[in-house]
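Just so it is clear: in the sequence shown, position 424 is 424 by UniProt numbering, and no numbers are missing.
C-beta: ideal position from N, C-alpha, C; glycine also.
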Amino acid sequence: MTKLTSTMKYSIAEGSVYNSFFIATQGFIITSIALFFGSNPLEISLISSFPVIAQLFQIFTKKILKKFRSRKKSLMFFAFLSRTVFLILPVLIFLDFKNKYILVAVFSIFSFFGTFVGNIWTSSMRDIIKFEDRGKYFGFRNIFSSISGIVMLFVYSQLLNLKDTGKSMLFITLIMSFFSIFSVYLLYKHNIPESDIKALDVKLGKTFKDSQFKRFLKFIMVWTFAVEFTRPYFSYYEITILNVNYEFLGHMSMLTSILSIFLYMLYGNMIDEFGNKNILSLGMTISTISTLLFFLMRVYNYKSIILMDSIFSAFAWSAINLAILNLLLEIAKDPVENYVAAYSIASGFAAICASLAGGFLGNFLKGKVFYIFDESYYGIQLIFIIGFILRIYSILLLSNVKAFEKPLKYKGIVISNSISFRRRDVNLGIYTKILSIFKTNKEK
């Protein structure tokens with residue numbers, strides 16, 4: 001890799017600083033913040049799904065760039081707007097004014113304007129970093145980003161364990177605000193090259209006439225719906241019903257993050273050998289285990305189950321995150337922008353439907369109990385069973401998508417995707433950045 005420029009160094013620092021506050025917008029941390037502000041399951045569901053819903057607006061990025069006539073100005077405008085909005089939270093907590101609607105508004109601004117930051121940043125970095133250096137550079141950058149995320153998971157989980165919940169939330173939101181503002185400053189230090197900007201003429205008609213891609217879109221909509229439908233309730237169940245210790249949750253999240261660093265390297269090699277579809281199917285199948293584990297989780301066994309889920313999640317989501325966008329680009333035809341736009345719209349629409357459906361159902365099931373063979377279950381646990389069924393169905397839909405796949409062979413046993421995943425007893429903000437990087441590789 002060639003010598004790092006000042007912008008490349010600032011980018012590495014920005015990635016670490018950004019992840020230091022972004023990690024608090026995920027999982028049990030954001031669920032705890034939302035509950036502190038009095039949010040119900042519907043509002044928690046919306047907050048959790050905003051980053052995916054925001055993908056609907058990605059197609060307007062180049063039109064916005066044309067309006068600003070400057071990459072740097074547009075980048076700083078949206079970064080300042082989307083990240084400094086977190087300053088509102090510690091002020092509200094200090095004044096003891098807990099308004100859940102303001103919290104929803106804060107996260108909607110962060111998600112919807114933040115999607116433009118990601119797109120503009122990615123297109124700029126493509127011009128800054130040479131093609132042959134991108135793999136090593138972004139891998140190097142991601143290592144520092146992952147380490148900062150792991151460290152901050154520990155810090156946030158320790159703060160959540162404070163007996164004074166108000167002070168705990170004040171400290172957490174102050175730290176989030178500090179890192180979010182600091183990340184804006186680091187973006188300001190970037191030397192962003194300008195370029196001729198032409199409005200993107202997105203034509204979706206061609207993609208919907210592609211029968212192969214329509215099968216992929218059907219799969220991606222069901223899969224996104226399945227994931228977003230259940231996403232907030234894993235942490236919700238752990239915190240509100242089982243009262244799991246925050247320090248323990250933090251340690252398990254750190255375990256998942258550490259394992260994922262190594263698994264990304266493993267799956268990267270496996271994709272070259274067995275294809276994106278096989279690795280994606282593998283990850284999705286493992287991810288279904290989480291929904292069953294949470295359905296069986298009780299007060300007396302939650303530690304062992306959460307430990308297993310943390311390990312399974314690392315194996316599942318490392319594969320899914322790495323393979324799903326590669327698969328999109330594998331089956332997309334030129335111009336690839338149309339297919340990316342269709343993918344973003346389908347994912348965003350499915351996320352809206354899932355967050356609303358899951359949220360209303362969560363509100364209805366909240367506080368309810370049902371019985372199976374005289375054993376009691378919480379109403380929220382029904383959502384995990386529905387999610388389990390939806391994930392299996394999405395795996396079956398994936399089997400209809402045609403892509404390169406080499407059977408996985410181990411000691412004479414062949415695991416063929418088209419066979420094993422059709423059986424009846426078949427037993428998961430950043431995306432935009434990864435997508436643009438892969439897209440560039442394909443164009444080259």
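Note on geometry: alpha-carbon atoms of L280 and L397 lie some 12 Å from one another.
Excluding five sequence positions before and after I261, the CB atoms of its chain that fall closer than 6 Å to its own CB belong to S146, given in chain order. Per DSSP, reduced to three states, the secondary structure at V184 is helical. Cβ-Cβ distances below 8 Å link K366 to N40, P41, G379 and I380 in the same chain, with the five nearest sequence neighbours on each side left out; the list follows chain order. Assignment of V299 by DSSP, reduced to helix, strand and coil, places it in the coil class.
The C-alpha of F131 lies about 10 Å from the C-alpha of M125. In the DSSP assignment, I47 falls within the alpha helix (DSSP H) that extends over P41 to I53. A distance below 9 Å separates the beta carbons of A316 and S287. Annotated three-state conformation of S195 is coil, per DSSP. L242 is the residue among L242, M176 and S74 whose C-alpha sits nearest the C-alpha of M297. Bounds of any beta strand (DSSP E) do not take in F37, whose DSSP letter is neither H nor E.
Cβ neighbours of G268 within its own chain (closer than 8 Å, five residues either side excluded): L322. DSSP places F68 in the uninterrupted alpha helix (DSSP H) bounded by T61 to F68.
Following the DSSP letters along the chain, one finds I23 in no beta strand (DSSP E), marked with neither H nor E. E228 has its alpha-carbon roughly 29 Å from the corresponding atom of F77.
DSSP, read as helix, strand or coil, puts F370 in strand. Looking at the backbone, the Cα of F208 and that of K214 are separated by about 6 Å. Checking the DSSP bridge columns, you'll see Y377 partnered with F370.
F110 and V85 do touch by the CB rule: their CB atoms are close to 6 Å apart, below 8 Å. Exclusion of the five residues before and after S355 leaves S45, L46, S49 and E228 as the residues of its chain whose Cβ lies within less than 6 Å of its Cβ. As the crow flies, the alpha-carbon of E247 is around 16 Å from that of V299. By the neighbour-count criterion, in which a residue is buried when 16 or more other Cβ atoms sit within 10 angstroms of its Cβ, D309 is buried.
G205 and S211 have their C-alpha atoms spaced approximately 12 Å apart. Between A105 and R83, the alpha-carbon positions lie close to 13 Å from each other.
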